[in-house]
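J.:
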Amino acid sequence: MIPSNAEAVSVHDLEKRFGAFVAVDKITFSVKRGEIFGFLGPNGSGKSTTIRMLCGILTPTSGQGQVAGHDIMKEPEEIKKSIGYMSQKFSLYEDMSPYENIRFYLGVYSVPEGQWKERMDWILDMARLQEVKDRRTRELPQGWRQRLALGCALLHRPDILFLDEPTSGVDPITRQHFWNFIRELAAEGITVFVTTHYMDEARHCERIVMINEGRIVATGSSPEIIAMACPSRPDASLNEAFIALMTRKIC
Amino acid sequence: MSWLRIRELVRKEFILLFRDPRTRRVLITAPLVMLLLFGYVVNYDIKLIRVGLLDQSHTRESRMVVDAFSASKIFMITQILRDDRELEQSLLNAKVDMAIKIGPDLARKIRKGETAEIQIIADGTMSNMASIRIAYSVQIIDKINQDLLKELYPQRMDYGKIDGRIRTWYNSNLDSQHFFVPGIVAFVVMLITLLLTSIAVIKEKEMGTIEQLIVTPLKPTELILGKTIPYIIISLAQMVMVTIIAIFWFEIPLAGSIFLLFSATCLFLLSTLGVGLFISTVSKTQQQAMMTTFFFILPFFMLSGFVFPIVNMPVFVQWLTYLNPLRYMLIIIRGIFLKGVGIDVLWHQYAAMAILGVVVFTAAIRRFRKRLD
Amino acid sequence: MLNLRNIQAVTRKEFYHLIRDFRSLYLAFALPLLLILLFGYALSLDVDNVETVVVDYDNTDFSRDFIRHLDGSPYFHIAAHLPNTKAATDYLDEGRAILVIVIPVNWTRDIRSERVSPLQALLDGSDPSFANITRGYVNAFISQYNQKLLIQFLNRQGMEQIKPPVDGQIRVWFNEDLESRNFIVPGIIAVIIMIVGAMLTSLIIAREYENGTMETIKSLPLTAGEFLIGKAIPYFFVGLTDVLISILMGQVLFGVVMKSSFWLMIMASSIYLAVALALGLFISSVTKSQLLANQGAILLTYLPSLLLSNFVFPVINMPKVLQLVTYIVPATYFINILSGLYLRNLGLAHLWPSYLVMIVMFTVLAALNYVLLKREGL
């Protein structure tokens with residue numbers, strides 16, 4: 005558990021090199037507990053690499069970081085117990101039903117068996133999958149699978165939720181529902197860390213970090229960044245702000 | 009180590025395995041096809057030798073020669089040839105396996121106490137079959153000689169001679185099936201573990217669920233156990249299934265101990281699972297995994313003593329076979345099925361398999377872990 | 397009419413695919429080499445120098461002479477002289493010997509007294525083919541020895557030099573040195589062509605379906621005929637190269653020489669290769685999935701060419717049902733031609749039926765391929 009005023013995530017000079025290629029170039033930022041935090045950037049900017057380092061999937065080349073109160077270099081296993089992760093592909097077992105997928109992850113997260121029934125019902129209700137709980141996941145529409153994937157990431161009641169490009173290829177209505185749900189989670193105290201390359205989605209995030217070619221380009225809330233990049237146009241979109249920052253042209 | 013986690017992993021693996029129509033097919037068809045093939049295709053027993061006869065003598069003596077061959081159930085005169093050209097054609101066209109040419113002066117020479125020549129021409133194409141046909145012919149000729157001498161020198165022929173009593177130790181019917189079918193148990197286990205283990209890991213990679221698993225508190229050891237235990241269980245089940253078919257359909261007796269068979273299979277699995285895991289680390293797609301499995305299986309199969317005898321291989325190659333777990337497994341399986349021998353004889357093979365298995369498995373795991381990171 | 401430029405374009409693209417995929421290259425070149433080496437060096441079905449152990453309870457000049465003759469025969473190799481039967485059967489149990497010869501006490505005395513004396517032979521029957529041949533050898537050896545004894549006996553009776561009435565002169569035709577490699581090495585070419593021709597090509601059309609590029613291809617002004625030919629050409633050349641390499645290696649490494657015409661061989665290989673290619677493309681078009689195509693190819697091309705073509709396993713010994721199946725296996729006819737060209741020095745006059753069957757098979761498969769693609773809208 006993280007104390008209420010502490011930081012859920014904090015990294016300092018985090019770096020990842022693959023041979024000579026620097027994917028993440030000494031970045032520093034932090035995320036407050038209960039925040040909806042956006043990590044924005046184009047493809048190949050280092051977003052996925054960063055999120056993988058925070059989740060314990062990749063080992064950083066150098067730098068320091070703390071996630072859910074644990075050091076990412078020294079205690080990656082502890083971190084994994086307190087976080088949930090949803091990948092771009094949703095990573096579900098297509099040949100298994102929602103029920104079977106949830107049950108599987110309940111086991112993997114070592115949730116005591118006595119609590120399984122209760123958790124199962126909770127997740128199925130929350131994800132509105134009660135009726136299809138025994139159908140093959142392969143047969144479910146995209147939006148439902150997204151809910152299932154979210155459910156599987158939450159069933160062990162993590163402190164932080166990492167979402168990697170969660171709305172790629174999802175229709176606008178489903179997206180709307182998705183963000184509503186994220187807000188509910190944040191209200192309950194769960195920190196949500198989202199990466200995306202859709203700039204317009206950033207408006208859902210309380211704070212944003214913009215990353216390009218491994219380096220942080222801007223930090224702050226959405227209006228703050230627009231003000232910084234396009235001082236003369238307060239109604240500019242985040243997209244335009246990003247382009248301005250990248251090309252160093254005026255907005 | 010959490011057994012709960014491992015249990016759920018194993019459960020998931022089984023569900024996926026049985027729901028994927030392709031793997032289901034492999035589980036059923038692979039053993040059946042193999043049993044069919046090696047039960048019925050691979051068979052070197054000599055049941056019939058087709059003979060073309062060119063008799064230029066047409067005498068009582070030549071008749072004796074011909075009858076001696078026909079009397080044995082194996083030789084059958086299927087073609088009567090009229091001249092050398094027909095003889096040549098019959099062999100060229102593979103209408104006969106052997107041609108016998110009896111010259112016109114056979115009777116004359118025999119009656120004069122001289123040696124008459126009979127030409128026995130064997131089709132050497134399949135040299136192993138030809139060798140044995142020749143050996144049979146030699147015996148027939150000797151019998152002919154015995155009879156002729158008895159006639160020529162009518163007196164007591166009680167001479168001191170050797171009575172060869174050949175007893176076959178194990179597999180007394182010299183049944184091809186007895187030899188091959190037990191080996192199928194080993195081969196099926198190998199094929200299934202190599203193929204399915206590597207595909208199982210790669211499927212997770214392709215689905216993206218491996219990444220999902222890495223993010224959880226799941227330890228690499230648990231993941232590996234979760235991935236291998238199902239295939240151990242399945243392999244043992246396959247072993248039982250093939251053994252039952254061997255005993256009840258092919259009527260091959262199981263002379264030895266089932267427990268020994270089980271333990272041998274487990275040791276064998278160490279090697280094959282190791283190779284399967286290894287294949288999963290060098291393949292990116294399921295189809296690549298299939299091809300790589302195929303590459304491994306071929307030499308494993310050829311150089312194991314399954315069909316081709318190891319003693320016939322060049323010494324260098326024989327040394328290579330020591331690295332092949334199938335080689336040891338075959339000796340053990342045949343020993344247990346056909347010879348009924350026990351651990352006192354087979355312990356070399358068990359030890360070798362154990363060492364090989366441990367080495368291969370640990371190396372594979374090490375590589376697998378590195379890939380996970 | 398076929399547009400050559402279109403064909404060229406398809407061929408070039410397919411060629412790039414082939415060159416860039418490490419695994420295809422392996423299948424195309426390394427595997428055939430491996431097979432030749434394996435089958436040429438390592439695999440032999442011939443039986444000689446059978447590991448034998450002898451227990452001589454008699455221990456006389458006569459018995460020792462017998463054993464010497466045994467060892468002198470190319471068929472037997474005396475691995476050890478053991479003191480008792482138990483030691484000998486241990487050798488059998490451990491697999492260190494296949495044959496045990498036990499000469500009983502008073503053997504020589506019995507024979508000299510013109511009695512029938514038993515000689516015990518124990519044979520490891522585990523490998524029945526081996527055992528059968530060995531048993532044949534033992535019987536033949538004893539039979540010959542007995543003949544010698546009989547002649548000696550008759551001579552002792554006061555007859556002048558008695559000769560055996562009949563001398564069976566054994567001649568071997570076609571594989572004169574009775575080496576199994578002489579039929580295995582050419583035969584492996586049939587397997588190699590199937591692997592290259594069918595297994596490789598089984599993937600290429602399925603790949604287009606899986607990648608979605610098939611849709612694009614259908615919309616091009618490319619006819620089905622041009623597509624098929626263009627796809628097949630690179631693999632045809634790979635296959636032919638493999639054939640040439642195999643023939644060369646067979647000759648240089650193993651001394652396996654073709655007795656008949658080289659050009660007949662090339663002609664037969666080309667036709668058979670064409671059949672393999674057509675078969676592979678067919679499997680690819682039907683399954684539309686690389687994984688399935690791979691499995692199908694192994695089942696329908698590689699295995700039959702290995703097992704049901706009279707290559708190493710005599711078809712004559714198989715159940716009638718399987719024997720009938722071999723009639724539709726292309727490899728059967730090619731193996732027949734190979735046997736004729738390599739071992740029997742036959743020409744077209746004898747072999748034309750096999751050539752014809754293969755040509756017919758190719759035509760049928762090519763037509764099926766064409767129809768299939770046309771139906772898909774190419």
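Residue numbers (our numbering), protein chains in the order written: chain A, 5 to 255; chain B, 9 to 381; chain C, 397 to 774. Cβ atoms here follow ideal geometry from the backbone N, Cα and C, with glycine treated the same way.
Taking Cβ positions only, does A/Ile61 come closer than 8 angstroms to chain B?
T.: Within the first sequence, numbered from 1, the residue matching residue 61 of chain A stands at position 57. The beta carbon of A/Ile61 falls within 8 angstroms of a beta carbon belonging to chain B, placing the residue at that interface.
J.: Roughly how many whole angstroms lie between the Cα atoms of B/Ile36 and B/Ala372?
T.: Translated into the one-based positions of the second sequence, residue 36 of chain B becomes position 28. Translated into the one-based positions of the second sequence, residue 372 of chain B becomes position 364. If I take the Cα positions, the gap works out to 27 angstroms.
J.: Distance, Cα to Cα, B/Ile170 vs B/Leu62?
T.: Along the second sequence, read from residue 1 onward, the residue named residue 170 of chain B stands at position 162. Along the second sequence, read from residue 1 onward, the residue named residue 62 of chain B stands at position 54. For B/Ile170 and B/Leu62, the distance between alpha carbons rounds to 33 angstroms.
J.: Could you pull the start and end residues of the alpha helix (DSSP H) that C/Asn528 belongs to?
T.: What you label residue 528 of chain C is simply residue 132 of the third sequence in a count that begins at 1. Per DSSP, C/Asn528 belongs to the alpha helix (DSSP H) from Pro524 to Arg552.
J.: If you measure beta-carbon to beta-carbon, which residues of the region 550-565 of chain C are closer than 8 angstroms to chain B?
T.: Residues passing the 8 angstroms Cβ filter: Leu550, Gln553, Met555, Ile558, Lys559, Pro560, Pro561, Val562, Asp563, Gly564 and Gln565.
J.: List, in chain order, every chain A residue whose beta-carbon is nearer than 9 angstroms to that of B/Arg379.
T.: As a first step, residue 379 of chain B is located in the second sequence; it is residue number 371 there, counting from the start. What B/Arg379 touches in chain A: nothing, since even the nearest Cβ is about 13 angstroms away.
J.: For a contact meaning CB atoms closer than 7 angstroms, what does B/Arg13 contact in chain A?
T.: The residue labelled residue 13 of chain B in the question sits at position 5 within the second sequence. Those within 7 angstroms of B/Arg13 in chain A are Gly111, Val112 and Ser114.
J.: Could you tell me which of B/Val283, B/Arg71 and B/Val349 sits nearest to B/Thr370, measuring between CA atoms?
T.: Residue mapping note: residue 370 of chain B aligns to position 362 of the second sequence, counting from 1. B/Thr370 has its Cα closest to that of B/Val283, out of B/Val283, B/Arg71 and B/Val349.
J.: By the DSSP assignment, the alpha helix (DSSP H) with A/Tyr109 in it spans what residues?
T.: In the first sequence, counting from the first residue as 1, residue 109 of chain A sits at position 105. Pro102 to Val112 is the extent of the alpha helix (DSSP H) around A/Tyr109.
J.: Work out the CA separation of C/Ile601 and B/Glu21 for me, nearest whole Å.
T.: As a first step, residue 21 of chain B must be located in the second sequence, where it is residue number 13. As a first step, residue 601 of chain C must be located in the third sequence, where it is residue number 205. Approximately 32 angstroms, taken between the alpha carbons.
J.: Quick check on B/Arg58: does DSSP put it in helix, strand or coil?
T.: Along the second sequence, read from residue 1 onward, the residue named residue 58 of chain B stands at position 50. Looking at B/Arg58 - three-state DSSP - the assignment turns out to be strand.
J.: At 8 angstroms on the CB atoms, spell out the chain A contacts of B/Leu24, in chain order.
T.: Position 16 of the second sequence, counting from 1, holds the residue named residue 24 of chain B. Result: Tyr97, Asp99 and Met100.
J.: Would you mind giving the Cβ-Cβ distance between C/Gly814 and B/Ala297, rounded to the nearest angstrom? I have them listed as a contact below 8 angstroms.
T.: This structure does not reach residue 814 of chain C, given that chain C is present from 397 up to 774, and the question cannot be answered.
J.: Check the Cβ-Cβ distances between A/Lys51 and every residue of chain B, and say whether any is below 8 angstroms.
T.: Counting from 1 along the first sequence, the entry for residue 51 of chain A is found at position 47. By this cut-off, A/Lys51 is not an interface position.
J.: Can you check which of these residues, C/Val498, C/Ser513, C/Leu515 and C/Arg603, is closest to C/Lys684 by C-alpha distance?
T.: Translated into the one-based positions of the third sequence, residue 684 of chain C becomes position 288. Taking only the C-alpha atoms, the option nearest C/Lys684 is C/Arg603.
J.: Quick one: grab the DSSP three-state call for A/Arg37.
T.: As a working mapping, residue 37 of chain A is identified with position 33 in the first sequence. Coil at A/Arg37, not helix or strand.
J.: Label C/Leu677 either buried or exposed according to how many other C-beta atoms from any shown protein chain fall within 10 Å of its C-beta, with 16 as the threshold for buried.
T.: If you number the third sequence from 1, residue 677 of chain C lands on position 281. Per the 10 Å Cβ criterion, buried.
J.: At a CB distance below 8 angstroms, what residues from the region 279-306 of chain B approach chain C? Give them in sequence order.
T.: Gln294, Gln295, Gln296, Met298, Met299, Thr300, Phe302, Phe303 and Leu306
J.: Would you report the Cα separation of C/Lys482 and C/Asp489, rounded to the nearest angstrom?
T.: Stepping through the third sequence from its first residue, residue 482 of chain C is reached at position 86. Stepping through the third sequence from its first residue, residue 489 of chain C is reached at position 93. The straight-line gap from Cα to Cα measures roughly 10 angstroms.
J.: What does A/Lys85 reach in chain E if we use C-beta pairs closer than 9 angstroms?
T.: Here the protein chains are A, B and C, and chain E is not one of them.
J.: Whose CA, out of A/Glu19, A/Leu158 and A/Met77, lies closest to the CA of A/Ala190?
T.: Position 186 of the first sequence, counted from the first residue, corresponds to residue 190 of chain A. A check of alpha carbon separations from A/Ala190 across A/Glu19, A/Leu158 and A/Met77 identifies A/Leu158 as the nearest.
J.: Should C/Ile591 and C/Leu427 be called a contact, given that it needs their Cβ atoms to be closer than 8 angstroms?
T.: By one-based count along the third sequence, residue 591 of chain C stands at place 195. By one-based count along the third sequence, residue 427 of chain C stands at place 31. For C/Ile591 and C/Leu427, yes; Cβs fall inside 8 angstroms.
J.: Whole angstroms is fine: what's the gap from B/Ile210's alpha carbon to B/Thr301's?
T.: To locate residue 210 of chain B, count along the second sequence from 1; it is residue 202. To locate residue 301 of chain B, count along the second sequence from 1; it is residue 293. When rounded, the distance between both Cα atoms is 13 angstroms.
J.: With 8 angstroms as the threshold, decide whether the Cβ of C/Ile546 is near any Cβ in chain B.
T.: Position 150 of the third sequence, counted from the start, is the residue given in the question as residue 546 of chain C. Looking at the sequence provided, one finds Leu at residue 546 of chain C rather than Ile. Yes - at least one Cβ of chain B is within 8 angstroms of the one on C/Leu546.
J.: Residues in the region 165-189 of chain A with C-beta within 7 angstroms of chain B's C-beta atoms, listed in sequence order?
T.: none
J.: Please list, in chain order, the residues of the region 12-45 of chain A that have any C-beta partner in chain B closer than 8 angstroms.
T.: none
J.: Quick one: which residues of the region 36-56 of chain B get their C-beta closer than 8 angstroms to a C-beta of chain C? List them in chain order.
T.: The region 36-56 of chain B vs chain C, Cβ under 8 angstroms: Val41, Leu45, Tyr48, Val49, Val50, Asn51, Tyr52, Asp53, Ile54, Lys55 and Leu56.
J.: Whether or not the region 198-216 of chain B and the region 228-235 of chain A are in contact is what I'm after, with contact meaning three or more pairs of Cβ atoms, one per stretch, closer than 8 angstroms; do they touch?
T.: no
J.: I'd like to know whether the C-beta of A/Lys253 is nearer than 8 angstroms to at least one C-beta of chain B.
T.: Numbered from its first residue, the first sequence carries residue 253 of chain A at position 249. Not one chain B Cβ lies under 8 angstroms of A/Lys253.
J.: Applying a beta-carbon distance threshold of less than 9 angstroms, which residues of chain A neighbour B/Met215?
T.: Within the second sequence, the letter at position 207 stands for residue 215 of chain B. Neighbours of B/Met215 on chain A, chain order: Lys93, Ser95, Leu96, Tyr97 and Glu98.
J.: When the cut-off is 8 angstroms and only beta carbons count, does A/Phe197 lie next to chain B?
T.: If you number the first sequence from 1, residue 197 of chain A lands on position 193. Not closer than 8 angstroms to any Cβ of chain B, the Cβ of A/Phe197 fails to qualify, so no.
J.: Against C/Pro654, what residues of chain B qualify as contacts under a CB-to-CB distance less than 7 angstroms, listed in chain order?
T.: Reading the third sequence from its first residue, position 258 is the one you call residue 654 of chain C. Contrary to the premise, residue 654 of chain C reads as Met rather than Pro in this sequence. Those do not exist, as C/Met654 stays about 14 angstroms from chain B at its closest Cβ, beyond 7 angstroms.
J.: Of the residues that make up the region 182-207 of chain B, which ones have a beta carbon closer than 8 angstroms to any beta carbon in chain C?
T.: Leu182, Asp183, Ser184, His186 and Phe187
J.: For B/Glu21, go through chain A and note every residue whose CB falls closer than 9 angstroms to its CB, in chain order.
T.: For the purposes of this step, residue 21 of chain B is taken as the residue at position 13 of the second sequence. Within 9 angstroms Cβ-Cβ: nothing; B/Glu21 doesn't reach chain A, min ~10 angstroms.
J.: If you drop the 5 nearest sequence neighbours on each side, which residues of the same chain put their C-beta closer than 6 angstroms to that of A/Ser86?
T.: For the purposes of this step, residue 86 of chain A is taken as residue 82 along the first sequence, with counting starting at 1. For A/Ser86, the CB contacts under 6 angstroms within the same chain, skipping 5 residues up- and downstream, are Ala72, Pro162 and Asp163 in chain order.
J.: My guess is that B/Ile341 and B/Val193 are in contact by the Cβ rule of under 8 angstroms, so how many angstroms apart are they, rounded?
T.: Counting from 1 along the second sequence, the entry for residue 341 of chain B is found at position 333. Counting from 1 along the second sequence, the entry for residue 193 of chain B is found at position 185. Contact between B/Ile341 and B/Val193 holds, with the beta-carbon distance rounding to 6 angstroms and staying under 8 angstroms.
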